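Structure first, commentary second.
Protein chains: 2
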Amino acid sequence: MLYEITIPQFTKMLNNLNKILDKAAANADGRKFESTVLLQSRLAPDQFNFIRQIQIACDTAKLCASRLSGKEAPVQADTEATMAELKARIESVITYLGTFTKDDFNGAEERHISQPRWEGKYVTGYEYALQHALPNIYFHITTAYSILRHNGVDIGKKDYLGEMPYKK
Amino acid sequence: MLYEITIPQFTKMLNNLNKILDKAAANADGRKFESTVLLQSRLAPDQFNFIRQIQIACDTAKLCASRLSGKEAPVQADTEATMAELKARIESVITYLGTFTKDDFNGAEERHISQPRWEGKYVTGYEYALQHALPNIYFHITTAYSILRHNGVDIGKKDYLGEMPYKK
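If you read the protein sequences in the order shown, they are chains A and L. Going left to right, the first sequence walks through residues 1 to 168 as this note's numbering numbers them. Going left to right, the second sequence walks through residues 1 to 168 as this note's numbering numbers them.
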């Protein structure tokens, strides 16, 4: 079950995010400023900038897959400085998520999940997916989206949600 | 399964949001301005203000429970103009979510879910929960949070995520 509620939807959201970055780059071109201005923007002086929001969204997806399956995740250096590099980061995580199958998540619900800052404490895989990974990825994608909206990039809720599988 | 991934976590997030509103009110008091200034704030001129973000977050939770269970939801008038009224709205939805049981969600995954703006099209309950309700509630709570952060309210990620069920 945890595979179902994380990997396909994380993949979809990262693809949506990738297209939002294209719109941001096109908007900067059209308004004749460097897109790096957007990448360095933030909504509060003590909040992470756009680049860091994307890196954390990517890591949230990558580490969720890695931790729930018990597989080692590739380390990434957080050196992205351009829109193209951020898109490559997103695409690398989409590719990584694509390497997982439902079987990789056998036993994930009961697995003990921890991370360094939790100082030895853990939560179950079920709790981690529902109460940590999901709210976190949406938090960082929405914050990145809001940084662009605040700076006048013409994006809307549909760009965030992506295509819905409507039926008639 | 859809009960599990929506109702308990939506309830938790609305409780977290309720406490964030308390912090916003206390911050406005401390800095000696009316908290209605925060309620009317937004991050872009063509984006919904704080009040509307909270109303939509509340409706996303309420309508998700209602639609997945096939039960009629109480109509709410969207007339909140003060922090106290917004908190009462949040609390009313928390109470409403508390009236549901797992059994109410029998068959929810295959249920056809629609809303007026979809013009007769539908998605399954499973698709609706994963691809619509969850990303939407996090979107509006995060946007409300970002409006406060942008205006200098001293809140952090822990206020958004709430308590994690750590074990040793």
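C-beta: ideal position from N, C-alpha, C; glycine also. Just so it is clear, the structure is predicted and the values come from calculations on it, not from any experiment.
Nearest Cα to Ala26/A within the set Lys157/A, Leu148/A, Leu161/A and Met164/A: Leu148/A.
Under the three-state reduction of DSSP output, Ile51/L falls in the helix class. Secondary structure remark: continuous alpha helix (DSSP H) runs of at least 4 residues inside the stretch 79-153 of chain A, in chain order: 83-97, 125-128 and 134-150. One Cα belongs to Arg52/L, the other to Glu72/A, and the distance between them is close to 42 Å.
The beta-bridge partner set that DSSP reports for Lys167/L consists of Tyr122/A. For Phe33/A, the three-state secondary structure derived from DSSP is coil.
In the structure shown, Ala73/A falls within a coil segment according to DSSP collapsed to helix, strand and coil. For the 8 Å CB-CB criterion, Thr142/A and Phe139/L form a contact. If you draw a straight line from the Cα of Val123/A to the Cα of Cys64/A, it comes to about 13 Å.
Apart from sequence neighbours up to five positions away, the residues of its chain that approach Tyr145/A with a beta-carbon distance below 6 Å are Tyr160, ordered along the chain. For a Cβ distance threshold of 9 Å, residue set Met164, Pro165, Tyr166 and Lys167 of chain L lies close to Val123/A, ordered along the chain. In the three-state DSSP reduction, Met13/A falls in the helix class (H, G or I). For Leu161/A, the uninterrupted alpha helix (DSSP H) segment begins and ends at Lys157 to Leu161.
Its Cα nearest to that of Ile5/L, the residue Gln131/L stands out among Val153/L, Thr82/L, Gln131/L and Ser35/L.
Rounded to the nearest whole angstrom, the CA to CA distance from Trp118/A to Ala108/A is 19 Å. Contacts with chain A at 8 Å (Cβ-Cβ) do not include Ser41/L.
Assigned with DSSP and collapsed to three states, Ala44/L falls in coil, not helix or strand. Distance check between Asp154/A and each of Pro135/A, Arg31/A and Ala81/A places Arg31/A closest, using alpha-carbon atoms only.
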